[in-house]
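Written out below as structure tokens is the structure these notes cover.
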Amino acid sequence: MAVTAEVTATVAAAAASTESVAAEESGGTVEVWYGPEQVPSALGAPDGPGTVVSVGVFDGVHRGHRAVLARAVECARQVGLAHPERPRPLAVAVTFDPHPILIHRPHTHLPMVTSLADRLELLATTGLDAVLVIHYTLDFAQQSPYGFVRRWLEELLGARAVVVGDDVRFGRGNSGDAATLEQIGRADGLEVEIVHDVLAPSGRRWSSTWVRELIEAGDVAGAAQVLGRPHRLRGTVVHGLRRGRELGFPTANLQAATAG
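Under the UniProt record's numbering, the residues of the sequence shown are numbered 1 to 260, in order.
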């Protein structure tokens, strides 16, 4: 079914069928798989298209994320051209919900830059073919780095290549990193490409942490620079104290629990 900007589905309550998420601004779309049971089985078949995969939370889908995802999309095109005897691989992002930090440290204050719905809509603007949303739990976190790559990327998604940032962490205790992924790739014949840090003119790495700091400091212009677009907040308009009448211009009150 077509899902517009008002997507409200969560991983825990996703429909049995996949969804096609539309980007409100660009008109792009991306297929969304909520869990392994929704991934087409043909991806992992020997003669199937396979995938080029990027892994991350992608909170905010900021400039750094976009650099990695753009490379994944381009890599999928290149792999397809190099092997015309097979269908072109799909460019797929693997993301997690809830944020892993909220599971491992539930009392941590971690305001999300974007809700899952907004994250998916933003990912639809990157040229990706699909997004796999993994429901992150403590049980899931117990997998070894190799177990994660083998089960989720190689077997489930039929990964032909993996493109990640050099700050990638995965597997039990975040014990897997870029070097681990390259080692697994050499052992399994999996192409691995590491996209090195994308830096702002100030020399700082574009990051979701930086976006949160700027938003909490009230520097929305600075946050827009890191995001590559103005930050957007959605929520339900509720009645307030009518103080907007004293300001001389229209205002709206949003519920405080709104994310993204």
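Virtual Cβ for every residue (Gly too), placed ideally from N, Cα, C.
Assuming residue i contacts residue j under a Cβ cut-off of 8 Å, what Cβ separation, rounded to an integer in Å, is found between them?
{"i": "Tyr146", "j": "Pro100", "result": "Their Cβ separation, rounded to whole angstroms, is 19 Å, which puts Tyr146 and Pro100 out of contact at 8 Å."}
{"i": "Thr51", "j": "Leu157", "result": "5 Å"}
{"i": "Ala223", "j": "Ile215", "result": "5 Å"}
{"i": "Gly60", "j": "Thr114", "result": "5 Å"}
{"i": "Val73", "j": "Leu128", "result": "6 Å"}
What's the gap between the Cα of residue i and the Cα of residue j?
{"i": "Leu247", "j": "Arg212", "result": "28 Å"}
{"i": "Arg245", "j": "Thr209", "result": "36 Å"}
{"i": "Asp139", "j": "His109", "result": "22 Å"}
{"i": "Thr8", "j": "Leu69", "result": "A caution first: Thr8 carries a pLDDT of 32, below 50, which makes its placement in the model unreliable, though a value can still be read off. Each residue's Cα considered, the two are about 24 Å apart."}
{"i": "Arg186", "j": "Pro87", "result": "24 Å"}
{"i": "Leu199", "j": "Asn253", "result": "36 Å"}
Quick one: give me the first and last residue of the alpha helix (DSSP H) that residue i is part of.
{"i": "Trp210", "result": "Ser208 to Glu216"}
{"i": "His65", "result": "Arg63 to Ala82"}
{"i": "Val220", "result": "Val220 to Leu227"}
Ends of the beta strand (DSSP E) at residue i?
{"i": "Ala93", "result": "Leu90 to Asp97"}
{"i": "Arg160", "result": "Ala159 to Gly165"}
{"i": "His104", "result": "Here His104 belongs to no beta strand (DSSP E); instead the alpha helix (DSSP H) covers Pro100 to His104."}
{"i": "Tyr136", "result": "Tyr136 -> no beta strand (DSSP E), and no H or E assigned at all."}
{"i": "Glu31", "result": "Thr29 to Tyr34"}
In chain order, what residues of the same chain lie with their CB nearer than 8 Å to the CB of residue i, ignoring the 5 residues before and after it?
{"i": "Trp33", "result": "Thr18, Val39, Ala130, Val131, Leu132 and Val133"}
{"i": "residue 266", "result": "This structure leaves residue 266 out entirely; the chain is present only between 1 and 260."}
Going by alpha carbons, who is nearest to residue i out of the options?
{"i": "Ala141", "options": "Leu241, Val163 and Ser175", "result": "Ser175"}
{"i": "Val168", "options": "Gly48, Arg232 and Val57", "result": "Val57"}
{"i": "Val226", "options": "Gly240, His239, Ser207 and Gly35", "result": "Ser207"}
{"i": "Ile184", "options": "Gly173, Gly165, Ala161 and Gly203", "result": "Ala161"}
Excluding sequence positions up to five away, which residues of its chain have a Cβ less than 7 Å from the Cβ of residue i?
{"i": "Phe170", "result": "Val55, Pro145, Phe148 and Gly176"}
{"i": "Glu155", "result": "Gly44"}
{"i": "Gly218", "result": "none"}
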